[in-house]
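Residue numbers (this note's numbering): -15 to 170. Here is the structure we will look at, set down as structure tokens.
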């Protein structure tokens, strides 16, 4: 257990993090939770919509709201699963997903109209179709019960982030392309 989780986190079963937004992912005003599979998990909510009413619905949860970078990093590092059910699917422009990958989180997300071909082929996160809420809830339940798979996905995610999205990896690719262009005959 991380010191952040022990000192400030919610008490209970596995920890998962995700957005708290009014969308089709909420049922009767309540967040879609992996409890549908009988699992008592704790939810940490980040960002603008993390409010006191969330805690009334999720008494074992924690609404962080906006936090500084070190707190966000500690919270992400403590999560068992980072739940990101985007209505239009995962894309490279999702900062929350990139932060999760960089931290080696097991990311559970969706594929939809915003998901490009490279992410559709990627193996460093778990996903369901954006419109299939039941499949997404099953995926969360499965991941929260399978520590080995979470660890594998987190390790692959961190490596993929370093090689494909982090500046040193991106700049190395750019430098190689520039050198290739310079060496081509004119």
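C-beta atoms are modelled at their ideal positions from N, C-alpha and C, and glycine is treated no differently.
Asked	Found
Length-filtered (4 minimum) alpha helix (DSSP H) runs lying within the region 48 to 96	53 to 62, 79 to 86
Boundaries of the alpha helix (DSSP H) in which residue 101 is found, first to last residue	101 to 105
Residue range of the beta strand (DSSP E) that includes residue 113	110 to 113
Cut-off 7 Å between Cβ atoms - residues of its own chain near residue 114, not counting five sequence neighbours on either side	70, 71, 72, 73, 94, 95, 96
Inter-stretch contact (C-beta, 8 Å, three-pair minimum) for the region 119 to 134 and the region 77 to 92	yes
Touch test, the region 77 to 91 against the region 104 to 111, Cβ-Cβ under 8 Å, three pairs minimum	yes
Candidates 104, 129, 51: closest to residue 64 by CA position	129
CB of residue 59 within 8 Å of CB of residue 48, strictly	yes
Cβ neighbours of residue 145 in the same chain (closer than 6 Å, five flanking residues each side left out)	85, 86
Under 8 Å between C-beta atoms of residue 103 and residue 76	yes
For residue 11, the three-state DSSP class (helix, strand or coil)	Note that residue 11 scores a pLDDT of 30, beneath 50, so its modelled location is shaky; the value from the coordinates is reported in the next line. Of the three classes helix, strand and coil, the one that applies to residue 11 here is strand, per DSSP.
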